[in-house]
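Heads up: the sequence shown runs through residues 373 to 837, numbered per our numbering.
Reading through the C-alpha cells given below for one structure.
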Amino acid sequence: MSNATEPRVWLHVGLGSFHRAHQALYLHMLRETGDTQWSLAGGNVRPDMAETIAALVEQKGEYTLETISPANEHHYIRITSIKEVIPFEPGVKPLIAKAADSQTKIISFTVTEAGYYLDPKNVLDTTAADIANDLAAVKAGNAGTTIYGALAVMLKARKEQNGGPVTLLCCDNLRHNGDRSRSGLVQFIKALGDSELLAWMEKNTTSPNDMVDRITPRPAPDVAERVLAATGKVDKAAVMGESFLQWVIEENFIAGRPAWEKVGVEMVQSVAAYEEAKIRLLNATHSCIAWAGTLVGYLYIHEGTHDPVIRQFAYDYVTDDVIPVLSPCPLNLENYRDVVLDRFGNPAIRDTNQRVAMDGFSKIPGFIAPTFRERLARNEAIDSVAMLPALFLAYLERWHKGQIAYEYQDQAMDPAVAHAMCEAADPVAAFCADMVLWGELANDPRLVGAIRKAYQRVNDFVKAH
373 MSNATEPRVW
383 LHVGLGSFHR
393 AHQALYLHML
403 RETGDTQWSL
413 AGGNVRPDMA
423 ETIAALVEQK
433 GEYTLETISP
443 ANEHHYIRIT
453 SIKEVIPFEP
463 GVKPLIAKAA
473 DSQTKIISFT
483 VTEAGYYLDP
493 KNVLDTTAAD
503 IANDLAAVKA
513 GNAGTTIYGA
523 LAVMLKARKE
533 QNGGPVTLLC
543 CDNLRHNGDR
553 SRSGLVQFIK
563 ALGDSELLAW
573 MEKNTTSPND
583 MVDRITPRPA
593 PDVAERVLAA
603 TGKVDKAAVM
613 GESFLQWVIE
623 ENFIAGRPAW
633 EKVGVEMVQS
643 VAAYEEAKIR
653 LLNATHSCIA
663 WAGTLVGYLY
673 IHEGTHDPVI
683 RQFAYDYVTD
693 DVIPVLSPCP
703 LNLENYRDVV
713 LDRFGNPAIR
723 DTNQRVAMDG
733 FSKIPGFIAP
743 TFRERLARNE
753 AIDSVAMLPA
763 LFLAYLERWH
773 KGQIAYEYQD
783 QAMDPAVAHA
793 MCEAADPVAA
803 FCADMVLWGE
813 LANDPRLVGA
823 IRKAYQRVND
833 FVKAH
C-alpha cells in the first residue's frame, strides 16, 4: 500500500446499485476519516441505466444510501466518494481515457456472474455472440461491450500512453473471481492475437480475488420517497440495501490501494474459505428461495423465506450437504446459515424473486454443482442439494409454458436448448444431460436418480401449496 500523497483514482465499470451500496460506501467511509487520497470515477460499457447515470451526473456523483435492518431500523447516508461520473457514449472513449490515465491505479467491475462467459473448466466461450462480436470490434480498433472487450481496449490505451501498472479488481459473485476474470481476459487477448498487449498485461497488472456481500435490490420508486421524507433531498439516484455489509480482499495490489482495513474491509492472504461459504450458503440458498417462491406465486424473497416448507428446503440443503463438505472453516457455518436466513427474511428489503432467480444456467454450475461433486466423491447422500436443481427445472418448465409472472433473464442459457429440455419425453434426464449445467457430472446415474426423487418432492410441494 502506497503512502504517496498524489491523488489516486479508482475506476469502476458498472455503476449499478450494488457498487453504489458497497464499494463506493467503503471508500466514502474512508474519506470521512480524513484519508482523501483516493476517489472514485465510474461509468458503464453498455447504454443501460441511462436515467440513473443522468441523475448521478446532475447530482455530481452524490446520492443517498438507505439501509434497513431485519429489525426495520432505517439509516440514511449521503455518499460522496464518486467524484467523476462518465456518461455512456458509443466507443466509450472517456472511459478508456480514464483507464489509461496514470492517476488511475485500480480498475474494478461488476457485470454479474454470467458476464464472464466461462465454462466450469474456466474456458472462455469465444463462440458466444457477445464475445465473438467483441473480438471483431477490438480487432477493428473499437471498444467492446463485454468486460473483456472493454478491458482489452483500456489496457491497450494504458500501455500506449505509459500509464503504468494497474490492479484489475473483479467484484462479482464468481468463485476465485480475480483468477477467473483474469483467465478470461488472457484468453480473450490471446484470441485477438495481441501478444504485445498480453505481455504488458502480465507484467503490469494483478487481479486480487475478493468476496463481496450485501443484498441490494433494484431500487423501487418508494426508496426516493423515503429518502425525501427522511432527508429533505430529492434524489433520483437513491439506492437501498440491507444493513449487513462485508468485503474480504486478497492482498495483491500492484499499484497501491486505499487503506480499506480502517473501515472494516478484511484484507487477507486467501479469500477461498470466505467465498466458498458465501457462494454456497448465501448465493445458492438465495436462488433456492427465489425458484421455490416463484413456483407458488410469491413475488419477494422474504415471502418465500417465511414459508416454512421453503425455509426448510434451504435449511436442509445447507445443514445436510454443504456444511459437512466445507468443514473445517474459519467461519462458524451454522451461525452464518442462520444469519443468512434472517437477512433473507427482512421484509423491508423487498428483494424480488425476479432479480434473484435469474442466470440459473450460470448458478447451477457455479454455486450448486460443486456440492454434488464433493458429496459424491465422499460417497455421501445428495438428497438435500438435489432439491435446488429440481426447483430450477420446475421453474424452467413454467418459463417454457409462459407461466412465469415476470421476464426470466439468463445470459448463459440457450433458449432453444432449454425449451427442448422441457419438451423432452423425460425432462429430468434431458436436464441432467446438459453439459452447460453439469459438465462431467452430466448423465451420472446418481445425479439423475437424486434429481428425479427431488423433482417429485417439488411437484408435491407445489400441489400442496
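Cβ coordinates follow ideal geometry from the N, Cα and C atoms, glycine included.
Since this is a predicted model, take the numbers as computed values, not measurements.
- Item | Beta carbon of residue 844 nearer than 8 angstroms to that of residue 478 | There is no way to answer for residue 844, as the model of the chain reaches only from 373 to 837.
- Query: In chain order, which alpha helix (DSSP H) runs of at least 4 residues are fully inside the segment 665-695?
  - Reply: For the segment 665-695, whole alpha helix (DSSP H) runs of length 4 or above, ordered along the chain, are 673-677 and 680-688.
- Terminal residues of the alpha helix (DSSP H) in which residue 716 lies: From DSSP, the alpha helix (DSSP H) with residue 716 extends over 705-716.
- Query: Under 8 angstroms between the Cβ atoms of residue 671 and residue 704?
  - Reply: Using a Cβ distance threshold of 8 angstroms, residue 671 and residue 704 do not count as a contacting pair.
- Query: How about the segment 441-451 and the segment 619-639: do they share at least three Cβ pairs that are nearer than 8 angstroms?
  - Reply: Counting Cβ pairs under 8 angstroms, fewer than three are found: no touch.
- Message: Alpha carbons only, please: which of 613, 523, 531 and 547 is nearest the one belonging to residue 397?
- Response: The shortest Cα separation from residue 397 among 613, 523, 531 and 547 belongs to 613.
- Taking residue 550 and residue 581 to be in contact with their CB atoms under 8 angstroms, please state how far apart those CB atoms are, rounded to whole angstroms. At roughly 4 angstroms, the Cβ-Cβ gap stays under 8 angstroms, so residue 550 and residue 581 are in contact.
- Query: What are the complete alpha helix (DSSP H) segments, minimum 4 residues, inside the segment 404-436?
  - Reply: With a minimum length of 4 residues, the continuous alpha helix (DSSP H) runs that stay inside the segment 404-436 are 422-430.
- Query: Which first and last residues belong to the alpha helix (DSSP H) in which residue 780 is found?
  - Reply: That residue, residue 780, is in no alpha helix (DSSP H); it is neither H nor E in DSSP.
- Message: Here's a check: name, in chain order, each residue in its chain whose Cβ is nearer than 7 angstroms to the Cβ of residue 690, leaving out the five neighbours to either side.
- Response: Contacts found: 653, 657 and 709.
- Just mark residue 373 as buried or exposed, buried being the case when its beta carbon has 16 or more other beta carbons within 10 Å. Interpretation of residue 373 is limited by its pLDDT of 48, a score under 50 that renders its predicted location unreliable; no figure is taken from the coordinates.
- Query: Can you give the Cα-Cα distance for residue 711 and residue 720, rounded to whole angstroms?
  - Reply: Linking residue 711 to residue 720 through their CA atoms gives a straight-line distance of about 16 angstroms.
- Message: Am I right that residue 669 and residue 676 are in contact with their C-beta atoms under 8 angstroms? What's the rounded C-beta distance?
- Response: With a contact defined as Cβ atoms closer than 8 angstroms, residue 669 and residue 676 miss out at about 10 angstroms.
- Task: Determine the direct distance from the alpha carbon of residue 536 to that of residue 520, and round the result to whole angstroms.
- Result: When rounded, the distance between both Cα atoms is 19 angstroms.
- Message: So, at 6 angstroms on beta carbons, what are the nonlocal neighbours of residue 646 in its own chain, with the 5 sequence-adjacent residues on each side left out?
- Response: For residue 646, where only same-chain residues beyond five positions count, the Cβ hits under 6 angstroms are 583 and 620.
- Message: Is the beta carbon of residue 784 closer than 8 angstroms to that of residue 731?
- Response: Judged by their CB atoms, residue 731 and residue 784 are nearer to each other than the 8 angstroms cut-off.
- Range covered by the alpha helix (DSSP H) that runs through residue 794: Run containing residue 794: 787-795, per the alpha helix (DSSP H) assignment.
- Item | Same chain only: Cβ atoms within 6 angstroms of residue 692, ignoring 5 sequence neighbours per side | Answer for residue 692: 756, listed in chain order.
- Query: Would you call residue 375 buried or exposed, if buried means 16 or more other Cβ atoms sit within 10 Å of its Cβ?
  - Reply: At residue 375 the pLDDT is 48, less than 50, meaning the model places this residue with poor confidence; the figure from the coordinates comes in the next sentence. Exposed: under 16 other Cβ atoms inside 10 Å.
- Query: Closest to residue 782 by CA distance: which of 638, 487 and 386 is it?
  - Reply: Ranking the options by Cα distance to residue 782, first place goes to 487.
- Item | For residue 604 and residue 644, the rounded distance between their alpha carbons | A direct Cα-Cα distance of roughly 43 angstroms separates residue 644 from residue 604.
- Three-way DSSP call (helix, strand, coil) for residue 838 in this model: In the structure as shown, the chain begins at 373 and stops at 837. Residue 838 is therefore absent and cannot be evaluated.
- Task: Would you mind working out which of 735, 773, 625 and 694 sits nearest residue 754, comparing C-alpha positions?
- Result: Nearest option by C-alpha distance: 694.
- Exposed or buried, which one is residue 494 when buried takes at least 16 other CB atoms within 10 Å? Answer is exposed; the Cβ neighbour count stays below 16.
- Task: Report the option in 601, 548, 430 and 780 whose CA atom is closest to the CA atom of residue 490.
- Result: Checked all of 601, 548, 430 and 780; the closest Cα to residue 490 is 548.
- Message: Can you give me the C-alpha to C-alpha distance between residue 799 and residue 480, rounded to a whole angstrom?
- Response: Looking at the two C-alpha atoms, the distance is approximately 40 angstroms.
- Cβ-Cβ separation, residue 459 to residue 368 (assumed contact under 8 angstroms), whole Å: Nothing can be reported for residue 368, as the shown portion of the chain is limited to 373 through 837.
- Spatial neighbours of residue 688 within its chain, please: CB distance less than 7 angstroms, with the 5 preceding and 5 following residues excluded, ordered by chain position. Answer for residue 688: 756, listed in chain order.
- Task: Apply the 10 Å Cβ neighbour rule to residue 699 and answer buried if 16 or more other Cβ atoms are within range, or exposed otherwise.
- Result: So residue 699 counts as exposed.
- Given residue 745 as reference, the closest of 811, 770 and 791 once Cα atoms are compared: Put simply, of 811, 770 and 791 the residue whose alpha carbon is nearest the alpha carbon of residue 745 is 811.
- Query: When you compare only the Cα positions, how much space is there between residue 634 and residue 402?
  - Reply: The straight-line gap from Cα to Cα measures roughly 7 angstroms.
- Start and end of the beta strand (DSSP E) containing residue 480? Counting along the chain, the beta strand (DSSP E) containing residue 480 begins and ends at 476-481.
- Shortest alpha-carbon distance to residue 532 belongs to which of 723, 573 and 457? That would be 573, whose Cα lies nearest to the Cα of residue 532.
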